[in-house]
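*Asks:*
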Amino acid sequence: MAKHKDIGKTFKEELSDFRKSPNAKVWDKIVADLDKKDEKKKPLVLWWKLGGIAVAILMLVGIGYKMITNKSMLNNQKIITKSKLLDSIENESNIITKVNNTHLIDTLQIDEITNSENIFVKNNNKGIKNKINKRSKNHQKKKVQFDELIVVNKNNDVIKLNKEITNNKVAFNNKSENKIDKKIIINNNISEQKTSIKTEVIEIVKNQEGKKEETKNELIAIEDALDIVNEKTKSKKEWEVSVKGAPILYSSLSGGSSITNELKNNTKTNDVTLSYGLSVSYPINKKIKIRTGFNAINLAYKTEQVSAVSILNAQSLTNTSLESFFVNDITELGNPLENRIDLTQEINYYEIPLELKYAILDKKLNIETIFGLSTLFLNNNSVIVNNETDLGSVNNLKEVSFTGNFGFGFNYKLTKKIQFNLEPSIKIQFNTYKDNVDYKPYFLGVYSGFSYKF
Amino acid sequence: MNQLDLIYQCKNNNRNAQGELYQLYKDILFGLCLKYCKNTKDAEDVLQDSFVKIFQNMHKFNAKGSFEGWLKRITINTAIDKYHQTKVKHLPIIEEITEDVFLEESTNEFSLDYLLECIQELPNRYRLVFNLYELDNYSHKEIADLLKISVGTSKSNLHRAKKILQEKLSQNKIKNYG
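Protein chains in written order, with the working numbering: chain A, 1 to 454; chain B, 455 to 632.
Shown next, in the form of structure tokens:
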């Protein structure tokens, strides 16, 4: 009787180790494919590396530019040509007229602008509301609220002051009808900033030399006063330079080991290390500051009770003198298969952060939330056995990597210029390793230091 | 160069090392491709795609498992990907599995090329199920997950594949000896 055999078994016996050589062209195609993919990858890697540097440079340039433009703001305002001003007034008045015919037509007297010195006070909600008529014989107390003040003086320079002094109150107050003495009060309440700049009083005593002269002096006085207000407002935008240091605790979100996945279950102890550096911040507005700087960071953690066998195959240690260590040193300590060692990894980075600080509380104690990114440049790394023998460096750390940063800033004003800063923060690293070790590192630090406002 | 060195060099994108690795494993993996594909051309395509994947994912290989096993898994998955791309949906569906499929035993009766031809001529899904289950020891559950079919379909496809193979081999016997 013929024996029966499962057909699957038949095929398995015959074909399980079936081999055949492919056409030689296949390898050429593989190489072509790999070359193509490498080329696509290269610019990406380069972009990652350059990206971090570019962001930092752009930011510095941006801040520098902002500073320069701020300085020249007043100058620029003087360059606004009269025709442009007239255009803008005309356009706006047309629009406003459409909305509400009852407004302002009587106030827009372009002839007056061209022929004489004038002050226009513009309120954005209501259009050009008032022309302050200096020729009025009725020198009674006037209070005008405005969003924008336009001054045209005799030389046709136009000074347009806006935004910076939003919601300011201007009062023209004639002390006495007879003496023609004038007092200009600029009461600056910058409510948005919740900071009050005290009332500036400028007193101008003039001889009665005719109304033109009077107007001119008045204009100069207003200009001066507004300059002062502007200075005050501008002085809020202060550079701040800080020096700081922090104890750093280095750990992983996922447990694991950065040296090799074989060590993921070993006990790790985290040495407290140090980070220190300088930072510069600049206010974008009242609430938000942008910050960059330069820090040096030392990180370290120790993996305990490492067996020799578990790290002999660790790819990240290929470049280290591990092998000679095991041959020369560890054998003296006993059987290399049984011997246990402590492995400490030390990493040293330079960090360039780019962060935003958002003010939650702005009193004598100022509280901020801080978030942003840092670019880390690998400076040095080493693996040390039993705190004494340096094995060399691991090869799986990327030269450039990044962190996502989050923290709180507590700043206590010691003087007007000097603050004490305390910043607990967490920085989570990404793009750290070349291989896929199961290690998601982060570091915690409580930065403390002092900052100085310029 | 030992295997670990070779793998390390390949991870560093060293083309010579990659060439050496290809020479070492091309025959066994091409054999695998031929079993999983309907013809030589498809098998070459799968081999090419597999090696590209292998070199690009080299960093994911951890030295724990067998390297050859890892290479084979990538190759099989690539073949399955190709099947998904060119899937023909209308296959006879579930049928009752009533009997085991046996073949009268007589050894070395069929050439390897003929056996391979029989497998290659199977409908695509039958071929994959048969290969995965009988030659590469996958379970019906694993096959069902990989091919996105039910366990029942996997079982019936296997049975159907075996019946087809049995018929082919019997016919061939009759031709030769009848």
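All residues carry an ideal CB built from backbone N, CA and C; glycine is no exception. On a predicted model such as this, the values are computed, not experimentally measured, just so you know.
1) How would you call residue 503/B, buried or exposed, if buried means at least 16 neighbouring beta carbons within 10 angstroms?
2) Would you say residue 261/A reaches chain B, if we count a Cβ-Cβ gap shorter than 9 Å as a contact?
3) Mind pulling the chain B residues with CB within less than 7 Å of residue 14/A?
4) Thinking residue 303/A and residue 253/A are a contact (beta carbons under 8 Å), I'd like their distance in whole angstroms, please.
5) Only counting the same chain, and skipping five residues up and downstream in sequence, which positions put a Cβ closer than 7 Å to that of residue 508/B?
6) Quick one: is residue 616/B buried, meaning 16 or more other Cβ sit within 10 Å of its Cβ, or exposed?
7) In chain A, what lies closer than 7 Å to residue 616/B by C-beta?
8) Please classify residue 340/A: does DSSP put it in a helix, a strand, or coil?
9) Within the continuous beta strand (DSSP E) that includes residue 250/A, where are the two ends?
10) Identify whether residue 385/A lies in helix, strand or coil by the three-state DSSP scheme.
11) Judging by CA-CA distance, which residue of 244/A, 404/A, 299/A, 413/A is the nearest neighbour of residue 367/A?
12) Comparing alpha-carbon positions, which option in 245/A, 380/A, 364/A, 433/A lies nearest residue 514/B?
13) Just mark residue 496/B as buried or exposed, buried being the case when its beta carbon has 16 or more other beta carbons within 10 Å.
14) Do residue 372/A and residue 244/A come within 9 Å of each other at the CB atom, strictly closer than that value?
15) If you draw a straight line from the C-alpha of residue 601/B to the C-alpha of residue 576/B, how long is it?
16) Along chain A, in chain order, which residues have C-beta atoms closer than 8 Å to that of residue 488/B?
17) Given that residue 627/B touches chain A, what residues does it touch there, using C-beta distances under 8 Å?
18) Please report how far the alpha carbon of residue 386/A lies from the alpha carbon of residue 22/A, in whole angstroms.
19) Since I believe residue 426/A is in contact with residue 397/A (beta carbons under 8 Å), could you give me their beta-carbon distance rounded to a whole number of angstroms?
20) Determine, using beta carbons only, whether residue 275/A and residue 300/A come nearer to each other than 9 Å.
21) Rounded to the nearest angstrom, what separates residue 619/B and residue 582/B at their Cα positions?
22) Straight-line CA distance for residue 500/B to residue 608/B?
23) Is there contact here, the region 478-497 of chain B with the region 53-64 of chain A, by at least three beta-carbon pairs under 8 Å?
24) Can you name the residues of chain B whose CB is closer than 9 Å to the CB of residue 34/A?
25) Excluding the 5 residues flanking residue 626/B on each side, which residues of the same chain have their C-beta closer than 8 Å to its C-beta?
26) Who are the neighbours of residue 498/B on chain A, taking C-beta pairs under 7 Å?
27) Just checking: is the beta-carbon of residue 31/A within a distance shorter than 9 Å of some beta-carbon in chain B?
28) Can you pull the chain A neighbours of residue 502/B, defined as C-beta to C-beta under 8 Å?
29) Can you confirm whether the region 286-294 of chain A touches the region 463-475 of chain B when touching is taken to mean that 3 or more C-beta pairs between the two stretches lie within less than 8 Å?
30) Along the chain, where does the beta strand (DSSP E) containing residue 411/A start, and where does it finish?
31) In angstroms, rounded to a whole number, what distance separates the CA positions of residue 5/A and residue 469/B?
32) For a contact defined as C-beta to C-beta under 8 Å, what are the partners of residue 535/B on chain A?
33) Shortest alpha-carbon distance to residue 585/B belongs to which of 606/B, 533/B, 604/B, 623/B?
34) Is any beta-carbon of chain A found at less than 9 Å from that of residue 619/B?
35) Could you check whether the Cβ of residue 485/B sits closer than 9 Å to any Cβ belonging to chain A?
36) Any C-beta of chain A within less than 7 Å: which residues of the region 574-598 of chain B qualify?
*Replies:* If we stick to the structure as given:
1) With 16 or more other Cβ atoms from the protein chains shown falling within 10 Å of its own Cβ, residue 503/B counts as buried.
2) So yes, residue 261/A belongs to the interface.
3) The CB of residue 14/A comes closer than 7 Å to the CB of 566, 569 in chain B, given here in chain order.
4) No, residue 303/A and residue 253/A are not in contact; Cβ-Cβ is about 17 Å, not under 8 Å.
5) So the qualifying residues of the chain are 525, 528.
6) So residue 616/B ends up on the buried side.
7) Taking a Cβ-Cβ threshold of 7 Å, the residues of chain A close to residue 616/B are 7, 8, in chain order.
8) Three-state DSSP puts residue 340/A in a strand.
9) Note, residue 250/A: beta strand (DSSP E), 240-252.
10) Strand, per DSSP.
11) Closest option to residue 367/A, Cα to Cα, is 413/A.
12) Closest option to residue 514/B, judged by alpha-carbon separation, among 245/A, 380/A, 364/A, 433/A: 433/A.
13) The residue is buried, with at least 16 neighbouring Cβ atoms inside 10 Å.
14) The answer is no: Cβ separation not under 9 Å.
15) Per the coordinates, the alpha-carbon of residue 601/B lies some 16 Å from the alpha-carbon of residue 576/B.
16) Within 8 Å Cβ-Cβ: 18, 20.
17) Within 8 Å Cβ-Cβ: nothing; residue 627/B doesn't reach chain A, min ~12 Å.
18) Pairing residue 386/A with residue 22/A, the inter-Cα distance amounts to about 52 Å.
19) The C-beta distance from residue 397/A to residue 426/A rounds to 20 Å, too long to fall under 8 Å, and the pair is not in contact.
20) No, the Cβ-Cβ distance between residue 275/A and residue 300/A is not below 9 Å.
21) A straight-line Cα-Cα distance of about 14 Å links residue 619/B and residue 582/B.
22) Residue 608/B has its alpha-carbon roughly 23 Å from the corresponding atom of residue 500/B.
23) Output reads no: the region 53-64 of chain A does not touch the region 478-497 of chain B.
24) Near residue 34/A (Cβ distances below 9 Å), the residues of chain B are 467, 469, 472, 505, 506, 509, 510.
25) For residue 626/B, same chain residues with a beta-carbon under 8 Å away, outside a window of 5 residues either side, are 564, 568 in chain order.
26) Correct list: 22, 23, 26.
27) Output row for residue 31/A: interface = yes.
28) Residues of chain A passing the Cβ test: 26, 29, 30, 33.
29) The answer is no - the region 286-294 of chain A does not touch the region 463-475 of chain B, with fewer than three Cβ pairs under 8 Å.
30) Residues 400-413.
31) In a straight line, the C-alpha of residue 5/A is about 47 Å away from that of residue 469/B.
32) Against chain A, a Cβ distance below 8 Å from residue 535/B picks out nothing, because the smallest value is about 15 Å.
33) If we check each option's Cα against that of residue 585/B, 533/B comes out closest.
34) It does; some Cβ of chain A falls within 9 Å.
35) Judged by the 9 Å Cβ criterion, residue 485/B is in contact with chain A.
36) Answer set for the region 574-598 of chain B: 588, 589.
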